[in-house]
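Quick note on our numbering: the sequence shown kicks off at 186 and runs consecutively.
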Amino acid sequence: METTNEELQATNEELVASNEELQSTNEELHSVNEELYTVNGEHQRKITELTELTDDMDNLLRSIDMGVMFLDERLRIRKFTPRITDTFHVLPQDVGRSLESFSHELTHVALLDDVRQVLENHQTLQREVRDRRGAWLLLRILPYQAKDRVDGVVLSLVDITALKATEAELHRMSKVFMDGADPVIIEDLEGRIVDLNREAERVYGYRHDELLGKDITVLVPEDHVTQTWENRRRCRNQESVRNVETWRKNRSGECCPILLTLSLLTGEDGEPVAIATIAKDISALKSAEGEAREAIRRRDEFLAMLSHELRNPLGAVLNAIEVVGRSEADAGATRQALDVVSRQSQQMARLLDDLLDVSRITQGRIEMRPQVVDLVRLAQEAVQVVQPVLDRRRHNLNLKLGSQPVWVKGDPARLLQIQENLLTNAAKYTPPGGEVTISVTADEQNAVIAVRDNGEGIPHEMQASIFDLFVQGDDSLDRADGGMGVGLNLVKSIVELHDGSVSVFSAGPGCGSEFKVRLPTTSDRPEQIADTDESYETYRRILVVEDNDDSRQMLEALLRIDGYDVIVAADGVSGIDAIAKHEPEVALVDIGLPELDGYQVARRVRSELSDRVVKLVALTGYGRQADRKAVLEAGFDEHLVKPVAPSDLARVLRRPK
Numbered sequence: 186m187e188t189t190n191e192e193l194q195a196t197n198e199e200l201v202a203s204n205e206e207l208q209s210t211n212e213e214l215h216s217v218n219e220e221l222y223t224v225n226g227e228h229q230r231k232i233t234e235l236t237e238l239t240d241d242m243d244n245l246l247r248s249i250d251m252g253v254m255f256l257d258e259r260l261r262i263r264k265f266t267p268r269i270t271d272t273f274h275v276l277p278q279d280v281g282r283s284l285e286s287f288s289h290e291l292t293h294v295a296l297l298d299d300v301r302q303v304l305e306n307h308q309t310l311q312r313e314v315r316d317r318r319g320a321w322l323l324l325r326i327l328p329y330q331a332k333d334r335v336d337g338v339v340l341s342l343v344d345i346t347a348l349k350a351t352e353a354e355l356h357r358m359s360k361v362f363m364d365g366a367d368p369v370i371i372e373d374l375e376g377r378i379v380d381l382n383r384e385a386e387r388v389y390g391y392r393h394d395e396l397l398g399k400d401i402t403v404l405v406p407e408d409h410v411t412q413t414w415e416n417r418r419r420c421r422n423q424e425s426v427r428n429v430e431t432w433r434k435n436r437s438g439e440c441c442p443i444l445l446t447l448s449l450l451t452g453e454d455g456e457p458v459a460i461a462t463i464a465k466d467i468s469a470l471k472s473a474e475g476e477a478r479e480a481i482r483r484r485d486e487f488l489a490m491l492s493h494e495l496r497n498p499l500g501a502v503l504n505a506i507e508v509v510g511r512s513e514a515d516a517g518a519t520r521q522a523l524d525v526v527s528r529q530s531q532q533m534a535r536l537l538d539d540l541l542d543v544s545r546i547t548q549g550r551i552e553m554r555p556q557v558v559d560l561v562r563l564a565q566e567a568v569q570v571v572q573p574v575l576d577r578r579r580h581n582l583n584l585k586l587g588s589q590p591v592w593v594k595g596d597p598a599r600l601l602q603i604q605e606n607l608l609t610n611a612a613k614y615t616p617p618g619g620e621v622t623i624s625v626t627a628d629e630q631n632a633v634i635a636v637r638d639n640g641e642g643i644p645h646e647m648q649a650s651i652f653d654l655f656v657q658g659d660d661s662l663d664r665a666d667g668g669m670g671v672g673l674n675l676v677k678s679i680v681e682l683h684d685g686s687v688s689v690f691s692a693g694p695g696c697g698s699e700f701k702v703r704l705p706t707t708s709d710r711p712e713q714i715a716d717t718d719e720s721y722e723t724y725r726r727i728l729v730v731e732d733n734d735d736s737r738q739m740l741e742a743l744l745r746i747d748g749y750d751v752i753v754a755a756d757g758v759s760g761i762d763a764i765a766k767h768e769p770e771v772a773l774v775d776i777g778l779p780e781l782d783g784y785q786v787a788r789r790v791r792s793e794l795s796d797r798v799v800k801l802v803a804l805t806g807y808g809r810q811a812d813r814k815a816v817l818e819a820g821f822d823e824h825l826v827k828p829v830a831p832s833d834l835a836r837v838l839r840r841p842k
């Protein structure tokens, strides 16, 4: 019992010690519990912060207007924004799956290669790509940084379609600006140059960097600087400054006229920031205006000249008619008066022919009938035509034609006209008693017609324009030999129609002049055709259908003098009746007839009087190719232009035997 009691006593002491230890442990547990409460509070706060941060991240990813996808180091999806689903067909439950198992809408086939490349080299990659809908996207692949290591990649897609459209528009505008056909300069509001296009560099002779920052007056002549600042003041005040005529100068100091347009450029706030100037070079326009004014001046001079040239022969004709009409006039005076009428009428006809030729050439309607001709023979004919003018002015004519023919291919009438005009021109501008020389030579390729005189000569400044229309060297009131300034223009035009060239040389006033015509020679030779008067016979019974009494009576009198049996009619109906009744061999029919015109007369004769054998000849004042064609289509056999030359009339009034 004592032993047991002692053991119980010892046990009790141990229990008391254990209790004391438990008390101490309990106190420690209380202390730990308090610490756990503190840690738990900290964790709760962290969890709350993480929850808020996660919500913020989720809202950020949902709200940003771009596609973002987070991938781990094995390219498994960690997280993505809703916008990425427009490109990758992923769902929320696809988190954790590899990107390789998904298709996408991008046309960029190397997408996965780019992702692996960023994962390996840890370098950001950026590309502009397109999807299958045609939209432009900015693809950016960045390494995912986790503390001190890369733990995946971040793939982002930003829609830049609008940006690309704006960029394209800016590129187009820049292209328009840089490649503009006119110089364009942009200045700040103080007039300093801030940009210019390539045309401005070319026109003004400066490089782009040489003009940047320079004052705009570096390109303005001194006498237009004030106007320059006034134009800019008006532009800043939002006044219209368009197509203002002013001047610019280039690097070498040369000035040229321009049309200047100023436009005010504003910033995003609507406030003015710069001025754009467009300068259109109008040098050609100003030159054309000068030429137009010169052409008007020449036209007015020509009209005055034409009035003078027509009044002179008309006055001579009227005076000659007065002489013939007076009974006391003797036979010699009558013959002289008739010569005057004939000569002056031919002069007026020549003037009209020249005007018609100019009109035809200008409109490209001149008719050419090329054949192989001898220029030497044509020169001899031209001399015969111009000889009366040479004799009247007592000129000495030197012929250097040679004994061998010079063959060219061309219209003989036009080639004859060239030589006649040159000889007439030399005779007219050479004082009485002068020397005129005509020569015809040839080499292997060209025939050369040279007409030289020792007359008035041509000033150096006028030699370049001497072949222009209505240009003449004689501006004096003494114009006895006439002329309207069309002869040399005709020569040049006809020569060019024959693939030739014409030139002039004169040492100056009083030193004479020399005109040279070069025409290509030909190896062809003309066909030999026998055409003699003995092979023809003349018609005898002639009908004249003409409504103008004077013309009809004079033509009737002329034909009767030549021994023809003449019948006359004053209108188309009477003409058809005369053909049916009198059966003439030839009918000379005016086109402009009352009741029935000449075309209708010809058609009715060919259809209603087809049993009558009559040669129909049209008389008309129109000589165009279209008029000739219309005459032949109506049923006429020949076409004569008024006034009718006696030689042409004799030609149509004969037939082969």
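Each residue gets a CB set at the ideal place from its N, CA and C atoms; glycine is no exception.
Beta-carbon to beta-carbon, L728 and I764 are separated by about 6 Å, close enough to satisfy the 8 Å threshold.
If you draw a straight line from the Cα of V343 to the Cα of D316, it is about 12 Å long. The beta carbons of L404 and R433 sit closer together than 7 Å.
By the neighbour-count definition (other C-beta atoms within 10 Å, threshold 16), E285 is an exposed residue.
Scanning its chain for C-beta atoms nearer than 8 Å, with the 5 sequence neighbours on each side dropped, one finds around R737 the residues V729, E731, V753, A755, in chain order.
If you look at S708, you'll find it isn't in any alpha helix (DSSP H); DSSP assigns it neither H nor E.
A residue is called buried when at least 16 other Cβ atoms come within 10 angstroms of its Cβ; F690 does not meet this threshold and is exposed. For H289, the closest C-alpha among the options V275, V280, R282, V300 is that of V275.
Between E818 and the set R788, N190, L794, the nearest pair of CA atoms involves R788.
Residue pairing by DSSP places F287 in no beta bridge whatsoever.
Per DSSP, reduced to three states, the secondary structure at P267 is helical. The residue among V561, D576, P457 with its C-alpha nearest the C-alpha of G587 is V561. When DSSP states are grouped into helix, strand and coil, V798 belongs to the coil group. Residues of the same chain with their beta carbon placed closer than 8 Å to that of S203 are lacking, with the five preceding and five following residues left out of the count. Taking C-alpha positions only, P711 is separated from R554 by approximately 14 Å.
Between G390 and N435, the beta carbon gap of about 5 Å places them in contact (Cβ cut-off 8 Å). H580 counts as buried, since at least 16 other C-beta atoms from the protein chains shown sit within 10 angstroms of its C-beta. Separation of the CB atoms of L256 and G337 is rounded to 5 Å, and the pair is thereby assigned contact status at 8 Å. Taking each of E305, R599, V680, I371 in turn and checking the Cα distance to A464, the smallest one comes out for I371. Only exposed fits D241, as fewer than 16 other CB atoms lie within 10 angstroms of its CB.
If you draw a straight line from the Cα of G757 to the Cα of L778, it comes to about 6 Å. In this structure, G697 places its C-beta atom within 7 Å of the C-beta atom of G640. F287 and D250 have their C-alpha atoms roughly 22 Å apart. A straight line joining the alpha-carbon of R599 with that of V571 spans about 15 Å. Between P597 and V558, the C-beta gap is smaller than 7 Å, which places the two residues in contact.
Rounded to the nearest angstrom, the gap between the Cα atoms of N610 and E699 is 11 Å. Around the beta carbon of L563, 16 or more other beta carbons lie within 10 angstroms, which makes this residue buried. Excluding the 5 residues flanking it on each side, D299 has same chain C-beta neighbours closer than 7 Å at L310, I326, in chain order.
Looking at the DSSP output, M254 sits in a beta bridge with F265, L340.
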